[in-house]
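To keep things clear, I will list the structure first and then write my remarks on it.
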Amino acid sequence: MNGLFISFEGPDGAGKSSMLQQLVPVLEAHSDHSVVLTREPGGSPIAEQIRHVILDSNNTDMAASTEALLYAAARAQHLHDVIRPALRQGKIVLSDRYVDSSIAYQGAGRELGTDAVAAINRFATNGTMPQLTVYVDVPPAVGIARIQHYRAQPEDRLEEAGAAFHDRVRAAYQALAHQEQQRIVTVDGTQPIQTVADQAWAIIQQRFPAFFNI
Ligand SMILES: Nc1ncnc2c1ncn2[C@@H]1O[C@H](COP(=O)(O)OP(=O)(O)OP(=O)(O)O)[C@@H](O)[C@H]1O
Ligand SMILES: [Mg+2]
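First residue of the sequence shown: 1, per UniProt numbering; consecutive thereafter.
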């Protein structure tokens, strides 16, 4: 694998997708490597079908363990279809969410246990982890207020979960960032979108100078 794999993590409404829209053209302008932007759950046709089952508001009775396994299944397919082929071709892969989301949301949020969810994800990924994870940290209330303010569509199943759920998700992300300081870098997501994107770009170019012409 000679590419570069970076994941972007954080609570709902942290600004991951907004930041990535700013970041992709910057990386493209400064690199000879192609940039692939992808997202989870989904990212390829089979994985998108699994995404649909996971996020369907009608699936009110889904067991937490089913949910965790479906996320892991979608991830295995996403790796197979998109991430591994791109990395083999030397591309820069940016994934909007990855394993840490499962550990935070299913492990801590749904209270399945972070070790159990990490274990099924080791199987699903065969150990393929990003070289860098940018964690966009915001208090849950900030993220949820942004989503409610801007978004027209109804909430999906996970966004409907309560305040205690979102508190557990954030605490789990913060614990992961503390445990894996080499891989995970925290950016303050309460700053303006442009500042968040600038900080992420500064971290990426500093960590991986060989990928960029600066
Ligand atoms: N730093 C920011 N300051 C103010 N508003 C922001 C900021 N970042 C994002 N927003 C706004 O908040 C909303 C949610 O942002 P975005 O969709 O990027 O979050 P996300 O982290 O991708 O959320 P999700 O996990 O639900 O996909 C958007 O309408 C966006 O314009
Ligand atoms: Mg998003």
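Glycine residues also receive a C-beta, built at the ideal position from the N, C-alpha and C atoms. Just so we're clear, the structure is a prediction, and the values are computed from it rather than from any experiment.
Scanning the region 95-154 for uninterrupted beta strand (DSSP E) segments of 3 residues or longer gives 132-137, listed from N- to C-terminal end.
Going by C-alpha positions, Glu28 is about 23 Å away from Gly42.
Here DSSP, grouped into helix, strand and coil, assigns Ile203 to helix.
In this structure, Leu69 is the residue among Val53, Leu69, Met1 and Pro45 with its C-alpha nearest to the C-alpha of Val99. For Ile6 against Pro130, the beta-carbon gap comes to about 5 Å, under 8 Å, which counts as contact.
The set of residues whose C-beta lies within less than 5 Å of a heavy atom of ligand 1 reads, in chain order, Asp12, Gly13, Ala14, Gly15, Lys16, Ser17, Ser18, Arg146, Tyr150 and Ile193. Inclusion of Ala172 and Thr133 in the CB contact set at 8 Å is not warranted, their separation being larger than that value. According to the DSSP secondary-structure assignment, Val93 is paired through a beta bridge with Phe5 and Val36.
Residue burial annotation: Pro25 is exposed, with fewer than 16 other C-beta atoms found within 10 angstroms of its C-beta. Contact annotation, Ala14 with Ile50: C-beta distance approximately 23 Å; criterion of less than 8 Å not satisfied. For the pair of segments examined, the region 95-110 was found to touch the region 33-41: the number of CB pairs separated by less than 8 Å reaches three. Under the three-state reduction of DSSP, Thr186 is assigned to strand.
For the pair Glu9 and Tyr135, the CB atoms are nearer than the 8 Å cut-off. Nearest to Asn126 by alpha-carbon distance, out of Gln199, Val138 and Gln77, is Gln77. The DSSP assignment places complete beta strand (DSSP E) segments of no fewer than 3 residues inside the region 49-98 at 92-96, in order along the chain. Beta-carbon to beta-carbon, Asn213 and His52 are separated by about 40 Å, too far to satisfy the 8 Å threshold. Distances from the CB of Asp96 to the heavy atoms of ligand 2 include at least one below 7 Å. Going by C-alpha positions, Thr66 is about 37 Å away from Gln199.
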